[in-house]
Structure formats: C-alpha cells, structure tokens
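**Student:**
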Amino acid sequence: AEAHYHEFVIQTKTVRRLCRTQNIITVNGQFPGPTVEARNGDFLVIKVVNAAQYNISIHWHGLRMLRNPWADGPSYVTQCPIQPGGSYTYRFTITDQEGTLWWHAHTRFLRATVYGAFIIYPRLGSSYPFSIPVQEFPLLLGQWFDRDPVLLLKQADFTGLPPDISVAYTINGQPGDLYRCSSQETVRVPVDVGDTILLRIINSALNQELFFSIANHSMTVVGTDAAYTKPFTTTVLMIGPGQTINVLVTVNQPQGLYYMAAHAYESAVNAPFDNTTTTAILEYKSTRHRDRSRSRPVLPALPAFNDTVTAPAFTAGIRGLSKVRVFIKAGVNLHIMVGLGLINCINPNSPRCQGPNGTRFTASMNNVSFVLPSTTSLMQTYYEGFPGVFTTDFPPVPPLQFNYTGNVPRGLWTPSRGTKLYRLKYGSKVQIVLQDTSIVTTEEHPMHVHGFHFFVVGSGFGNFNPATDPLKFNLIDPPVKNTIGTPPGGWVAIRFVADNPGIWFVHCHIDSHLNWGLAMALLVENGVGLSQSVLPPPPDLPAC
Ligand code: C2O
C-alpha cells in the first residue's frame, strides 16, 4: 500500500459561465476540484487549508472510514467546520472498496461548487473484473446557479426554501452546447474506433436526480458506489445525487460526434425544476477535421422528466457481482418514513412562510426534523462524554402506522424538531426500511448512510408489508451502495452490519431536503477492545 499527500486550499475564484462572471468557492482554484486517485488499501493524507471567508469541512463521500469518524467530515456531526484561516488534515485508509467515489463540502450549500472525483483503483497486483478499458474518464454531473453560493445560503436561511432553481446542469463544470455562451468550453472526450472506454459518472448535483444517455451507444454498468456489479447493459441511467455509476462504452460507430446528455428525473408532482439539458461530446478521432468543428452531434433520446417507470426499473436491474451472504434475520429493524412536511409559522406574513396556509416547508425522518448542533460536533461531545447536545431516542418505527400512499393524516404533516440519534450495539445486524410518506408530494429521496456501504435487498411501490415483502428479498446478489433512492410513493430495504463504531449521519442527498431536516444519525457503540473502538481524535481537530 502507498501513502498519498494532497493539499486542498479552499479559495474563491472568478469564473465565467452562461455569459456571466461570478465568484465561486473552489479547491485550489479548480472547478470541479482536483481528482484524488489511489488504490484499494492505500493511506491518504489530505490537508485542507481554508483560505475562503466561510466555515467549511470536506466529506469523503462513500469512504467507510473504519473506526475513524474524525475523517468523515460533515460539519457539526463528526467535526466542527474549519474556520477561515484554519486548516485540518484528514488521514484515512481505504478498506475494501474499489471504483468511483467523490468528495464534497459538507457545510450547507457549499458543495454546489466544492466537489471532485475520488477514484479507487484495484489493490496492487489485482485488476478489474472486466477487460481493461483503453481509457477512463470521470464525468461529474452538476447544477449551476446564477448566484454565488453565499447568496444562496443567505436566501435559504432567510426563506427556508431551497436555493433558486438551477439555470443549467453541467458535465465537469461545463453546461455544454445547448446553453448560451457555452459551446467553446463543451467537454469533449476523444475516442478511437474499436476501443472500450470506462466512464466514471458521478451525480454531484445539489438537488436533482438525473437521467443520462449517449446517442447511438449503449452502456454496460460494471460498478456503482465503489462496488462492482454484474455487467448490465442499458441505454439510459438514472443517477441520484451522491451516487456514482461506472459504465463501459464500446466505441463502435465508424465516425462522428455523439452527445452524452443529462436532464432531470423529477418524480415530485408539480415541483418547479430546471428542465434544461447538459451535454458533452463523444468525439471520434476518425471524424474528418472539418466535420469535427462544424457538424452537429447526434442527441440521444432521454426519458420524460416524470418517467417513474424507467427510473426504478434501471435501479432494480443492478445486481452485486459477487455472491454474498446477507444475514437472514436482522437483529435491529428500523422502519423509517422519510418525507416532507409543513411547519406552522409563528408569523404567517414573514417571507419564510411560502408553504400553503401560513406554513413553511420542512422535512423529517419518523416525523423528527433533524437539528444540527451549532457550537460543537456530535462526535466530539460523545467522545468527551459531554451530555445534553443530543438524545438517543430516535423512534425506530413511525409514530403512527398509516397508509403512506394517500390521505396522510393531517397530524403527521407537522413534525417535531430534535437532535435524535439511534444507538446500535457494535456488530448488530441492521435492517432499515425507508418509506416515502407522500406528504406534501410524492417524491424520490436519495438516502445516504455515512460510514457504511449497505446491501439493497428489496424495493417496491406502495406501503411496505412486513409480512410478505421480506419473502421476496434478494439475499444472493444485492447491490452494494452508499446512497439509494427511496422510490416515489414506495419503499426500499437496506441491510448492513454495524461494525464501524462512531456517529454516522444518515440523510437525504437532496441538499434542500437535508437543510429542512431530512436526517438522523446512528451512534454505533464501541465493541470489545481497541480494534473495535473509535480511534482517538487527531490533535488538529477543529474547535467551534
Ligand atoms: Cu455526500 Cu452527508 O453526504
């Protein structure tokens, strides 16, 4: 195994997009930020220096951080943010993960522009479980807002609403040909006829699930969230914020230019959203030079925005590569309803109150809207035994069983607020069933669990039925993921062993929902002896 050293300087940078100049927060002045590359088993040392004017922390999304929550990164959960002028060095080992992950700011909306790819190659001496591609390209899908993220933050704080709807989607920071003032910088991927290439696709968008497709080329999925999958050939991908998908593409046309395109998958009924399309170009080197600059690339057909058949069908098609032994019976069963809600406003005339009838939007898990501490981190208070910051009474089942698919009792539209964790014994076999409530709107929620990768053992529409649905669970080749969509008006079941002590955030990866409180945290107790216990905090852990 090797050690890799990086320095990430958080700094403001002026960029031009869509005919406008604006300031964004970046790492090392790069947008997207630098790609981190390592092998399975390697050790990383990444010093983050905050030369910007806002508090920030960096999360290494999907890395397990075994016994090492100090390196995980979410602000006020595992650390206090790094203050302007401060620095913090993340030190961690990659354990049994191969494929594509990513990193992003984990301090409110700053991840809008602070993100990059994290590529994990096979362990030294081993190789991919598929023939080695000739070339590899990371494609980071993003969302572009026409204001600087700080204004977005202020606006979101003031109104309690999500940031303005984006004005463009991006691929590697570029909107592409179909937007004004963007064609010069459109991302081009040059390819040779006959080659097979590997695309590492990452959805780093703040608030939007996306469909992705390539004109005249099919894709073979070979990995998701840094785990290999059975090869699965498709013409379209649906990728939620936080997820990554590795695909092989065979360059099998004689010549030409082909768009790789992404647009929204929007399952929420009546939600306003950005309906534009971002593109990059798959450019055959065999294309005559004149045609390369002049001819219009072929555009792929993307599913309709509200295609709630294609999206879950794609997700259900993904199977884990290796036969696994998922435990037959879970020791801990959590049944968690996730969804939006409305909270009555104290002053219904305030601009914060843009929900119906003098309310404002909120979001919750089991009807608790999560509140982050602001003067300490959960992990620090836990480690130091300082009480009063959180409680461990997160409800393991919904406060009321009800029909989630219609006529949701009005009483459940208004969650309570709290900093509630759920305590797990080291080594517990955990099953979590996530159920969309259809409160306010029926919507897909990409749910992310820090500190673990989990098996997705089942999924369906309607209400989860604890008597019959588990009989259909896939315990043979379920995919391994760190982020999974709760289908709109449906449920998804995940399983993992709680073998990673510490406090781990669980939340919707749509940032506006997270901001509204669609989160909880798991507190995994230490097991027996040092090898099952949280490591001591590093000396430079930031203070609040
Ligand atoms: Cu990528 Cu807590 O998130």
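Read in order, the letters of the sequence shown correspond to residues -3 to -1, 1 to 541 in mature numbering (1 follows the signal peptide of the UniProt record, and there is no 0).
Where a beta carbon is used, it is the ideal one built from N, C-alpha and C, also for glycine.
Let me check understanding here. Comparing Cα to Cα, which of 287, 484 and 440 lies closest to residue 455?
**Tutor:** Answer by Cα proximity: 484.
**Student:** Look up residue 12 in the DSSP assignment and give the residues it is bridged to.
**Tutor:** According to DSSP, which records beta bridges pairwise, residue 12 is partnered with 19.
**Student:** Could you check the C-alpha separation between residue 324 and residue 468 for me, to the nearest Å?
**Tutor:** If I take the Cα positions, the gap works out to 14 Å.
**Student:** Fully enclosed by the stretch 245 to 271, which beta strand (DSSP E) runs are 3 residues long or longer?
**Tutor:** As far as the stretch 245 to 271 is concerned, its whole beta strand (DSSP E) runs of at least 3 residues are 254 to 262.
**Student:** Look up residue 540 in the DSSP assignment and say whether it is helix, strand or coil.
**Tutor:** In the structure shown, residue 540 sits in coil (DSSP, three-state: anything other than H, G, I, E or B).
**Student:** Taking the alpha carbon of residue 189 as the reference point, which residue from 46, 382, 168 and 253 has its own alpha carbon closest?
**Tutor:** Minimum Cα distance to residue 189 is reached at 253.
**Student:** Do residue 361 and residue 515 have their C-beta atoms within less than 8 Å of each other?
**Tutor:** Going by C-beta atoms, residue 361 is nearer than 8 Å to residue 515.
**Student:** Taking 7 Å as the cut-off, is the C-beta of residue 502 nearer than that to any heavy atom in the ligand C2O?
**Tutor:** For the ligand C2O, at least one heavy atom lies less than 7 Å from the Cβ of residue 502.
**Student:** CB-CB under 6 Å to residue 57, same chain, minus the five flanking residues each way: which ones, in chain order?
**Tutor:** Correct list, in chain order: 100.
**Student:** Going by DSSP in three states, residue 360 sits in which element: helix, strand or coil?
**Tutor:** Strand at residue 360.
**Student:** Taking the alpha helix (DSSP H) that residue 376 falls in, what are its first and last residues?
**Tutor:** Start and end: 375 to 381.
**Student:** Give, in chain order, every unbroken run of the beta strand (DSSP E) that is at least 3 residues long and sits entirely within the stretch 81 to 136.
**Tutor:** With a minimum length of 3 residues, the continuous beta strand (DSSP E) runs that stay inside the stretch 81 to 136 are 84 to 90, 96 to 102 and 112 to 118.
**Student:** Closer than 7 Å: is that where the CB of residue 239 sits relative to any heavy atom of the ligand C2O?
**Tutor:** Yes, the beta carbon of residue 239 sits closer than 7 Å to at least one heavy atom of the ligand C2O.
**Student:** What are the uninterrupted segments assigned as beta strand (DSSP E) that are 3 or more residues long and contained completely in the stretch 394 to 447, given in chain order?
**Tutor:** Entirely contained in the stretch 394 to 447, the beta strand (DSSP E) runs reaching 3 residues are, in chain order, 413 to 415, 418 to 421, 426 to 433 and 442 to 446.
**Student:** Could you name the residues of the same chain whose beta carbon sits closer than 6 Å to that of residue 502, not counting the 5 residues immediately before and after it, in chain order?
**Tutor:** So the list reads 71, 74, 447 and 518, once near-sequence residues are dropped.
**Student:** Could you give the first and the last residue of the continuous beta strand (DSSP E) run that contains residue 371?
**Tutor:** Run containing residue 371: none; DSSP gives neither H nor E here.
**Student:** Quick one: what's got a C-beta closer than 7 Å to residue 92's C-beta in the same chain, skipping five residues either side?
**Tutor:** For residue 92, where only same-chain residues beyond five positions count, the Cβ hits under 7 Å are 61 and 63.
**Student:** To test your reading of the DSSP string, which unbroken beta strand (DSSP E) runs of 3 or more residues are found completely within the stretch 150 to 216?
**Tutor:** 165 to 168, 185 to 188, 193 to 200 and 206 to 211, all fully within the stretch 150 to 216.
**Student:** Is there contact here, the stretch 33 to 40 with the stretch 15 to 25, by at least three beta-carbon pairs under 8 Å?
**Tutor:** No, the stretch 33 to 40 is not in contact with the stretch 15 to 25.
**Student:** Could you please give me the residues that DSSP links to residue 73 through a beta bridge?
**Tutor:** Partner(s): none; residue 73 has no beta bridge.
**Student:** I'd like to confirm something about residue 535: is its beta-carbon nearer than 7 Å to some heavy atom of the ligand C2O, or not?
**Tutor:** No, the Cβ of residue 535 stays beyond 7 Å of every heavy atom of the ligand C2O.
**Student:** Can you give me the start and stop residues for the beta strand (DSSP E) that residue 311 sits inside?
**Tutor:** Here residue 311 belongs to no beta strand (DSSP E); instead the alpha helix (DSSP H) covers 307 to 313.
**Student:** Could you tell me how far apart the beta carbons of residue 194 and residue 127 are, in whole angstroms, since I believe they sit closer than 8 Å?
**Tutor:** Residue 194 to residue 127, Cβ: 12 Å. No contact.
**Student:** I need the boundaries of the alpha helix (DSSP H) containing residue 511, first residue and last residue.
**Tutor:** 508 to 512 is the span of the alpha helix (DSSP H), which, as asked, contains residue 511.
**Student:** Quick check on residue 234: does DSSP put it in helix, strand or coil?
**Tutor:** If DSSP states are grouped into helix, strand and coil, residue 234 belongs with the strands.
**Student:** Return the first residue and the last residue of the alpha helix (DSSP H) that residue 286 is part of.
**Tutor:** Note, residue 286: alpha helix (DSSP H), 286 to 291.
**Student:** Return yes when the Cβ of residue 112 is within less than 8 Å of the Cβ of residue 54, no when it is not.
**Tutor:** Contact flag unset, no.
**Student:** With H, G and I counted as helix, E and B as strand and the rest as coil, what does DSSP make of residue 66?
**Tutor:** Correct three-state label for residue 66: helix.
**Student:** Locate the beta strand (DSSP E) running through residue 281, then write down its first and last residues.
**Tutor:** 275 to 281 is the span of the beta strand (DSSP E), which, as asked, contains residue 281.
**Student:** Under 7 Å: does the beta carbon of residue 442 sit that close to some heavy atom of the ligand C2O?
**Tutor:** Residue 442: no, Cβ never under 7 Å from the ligand C2O.
**Student:** Look at residue 230 and residue 217 and say whether their C-beta atoms are less than 8 Å apart.
**Tutor:** Yes, these two residues count as a Cβ contact at 8 Å.
**Student:** Flag residue 71 as yes when its Cβ comes closer than 7 Å to any non-hydrogen atom of the ligand C2O, and as no otherwise.
**Tutor:** Flag set: Cβ of residue 71 near the ligand C2O.
**Student:** How big is the Cα-Cα spacing for residue 295 and residue 493?
**Tutor:** Rounded to whole angstroms, residue 295 to residue 493 spans 43 Å at the Cα level.
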